[in-house]
Amino acid sequence: MPDGSGRMCHNVVKYLKKGGPGKDPSTGGAIINMRAVCIMEGHGTKLMRLPPSFRMLSFHQAAVDSITRNLALEWGTDHDIRVNGIAPGAIDDTAVVTKLAPEEMLSKIKEKPLYKFGEK
1 MPDGSGRMCH
11 NVVKYLKKGG
21 PGKDPSTGGA
31 IINMRAVCIM
41 EGHGTKLMRL
51 PPSFRMLSFH
61 QAAVDSITRN
71 LALEWGTDHD
81 IRVNGIAPGA
91 IDDTAVVTKL
101 APEEMLSKIK
111 EKPLYKFGEK
């Protein structure tokens with residue numbers, strides 16, 4: 001189990017199961033795991049060549065995704081604790097986005113669910 005995300009989930013769930021200060025244990029709670037969006041795409045851009053250590057990052061992020069899905073099923077059913085994962089994408093007005101060629105920028109925007117880059 002990846003150290004950071006796995007330990008965090010297991011430590012937080014102990015607290016959430018107790019209900020926290022002034023809360024009933026049956027009220028549940030939420031855990032949010034962060035991921036790298038480039039892992040889902042499986043490649044870098046022309047501007048950012050990913051180093052060989054990327055394989056280990058990819059492995060770790062796949063494990064975080066799997067942990068998130070499994071804990072969501074287990075803790076959501078048993079303890080009403082939501083476990084979600086988010087993968088922030090490209091942010092407008094950042095170095096990577098502003099260096100894209102116009103046609104590449106349009107291509108990337110079409111891949112986004114809301115057809116735009118994130119905002120600061």
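So in UniProt numbering, spot 80 of the sequence shown is number 80, and the numbers just go up one at a time.
Think of the CB as a built atom: it goes at the ideal place given N, C-alpha and C, for glycine as much as any other residue.
* Report yes or no: do three or more beta-carbon pairs, one from the region 107-119 and one from the region 70-87, lie closer than 8 Å? => Too few Cβ pairs lie closer than 8 Å, so no.
* Report the residue from R35, E104, T68 whose alpha carbon sits nearest the alpha carbon of L57. => Translated into the one-based positions of the sequence shown, residue 57 becomes position 57. Closest by alpha carbon: R35.
* Go through its chain and collect everything with a Cβ distance to D65's Cβ below 7 Å, but skip five positions before and after it. => Taking the sequence shown and counting its residues from 1, the one referred to as residue 65 is at position 65. These residues qualify, in order along the chain: R35, G85.
* So what's G28 in DSSP terms, helix, strand or just coil? -> Position 28 of the sequence shown, counted from the first residue, corresponds to residue 28. Looking at G28 - three-state DSSP - the assignment turns out to be coil, as it is neither helix nor strand.
* To do: Label G4 either buried or exposed according to how many other C-beta atoms from any shown protein chain fall within 10 Å of its C-beta, with 16 as the threshold for buried.
  => In the sequence shown, the residue the question calls residue 4 occupies position 4. Exposed, by the Cβ-count rule.
* **Residues near K120 by beta carbon distance below 7 Å, same chain, minus five either side** => Taking the first residue of the sequence shown as position 1, residue 120 is located at position 120. The residues are I91, D93.
* Asked: So what's R82 in DSSP terms, helix, strand or just coil?
  -> Locating residue 82 in the sequence shown gives position 82, where the first residue counts as 1. If DSSP states are grouped into helix, strand and coil, R82 belongs with the strands.
* With 16 as the cutoff for other CB atoms within 10 Å, does N11 come out buried or exposed? -> For the purposes of this step, residue 11 is identified with residue 11 of the sequence shown, where counting begins at 1. Exposed, because fewer than 16 other Cβ atoms sit within 10 Å of the Cβ of N11.
* Asked: Hey, would you say C9 sits closer than 7 Å to L73, going by beta carbons?
  -> Locating residue 9 in the sequence shown gives position 9, where the first residue counts as 1. Locating residue 73 in the sequence shown gives position 73, where the first residue counts as 1. Contact check for C9 against L73 fails: the beta carbons are separated by 7 Å or more.
* If you draw a straight line from the C-alpha of H79 to the C-alpha of G19, how long is it? -> By one-based count along the sequence shown, residue 79 stands at place 79. By one-based count along the sequence shown, residue 19 stands at place 19. Within the model, the alpha-carbon separation for H79 versus G19 is close to 10 Å.
* To do: Give the C-beta separation of G29 and I81 to the nearest angstrom, bearing in mind that I take them to be a contact with Cβ-Cβ under 8 Å.
  => As a working note, residue 29 is residue 29 in the sequence shown. As a working note, residue 81 is residue 81 in the sequence shown. Separation of the CB atoms of G29 and I81 is rounded to 5 Å, and the pair is thereby assigned contact status at 8 Å.
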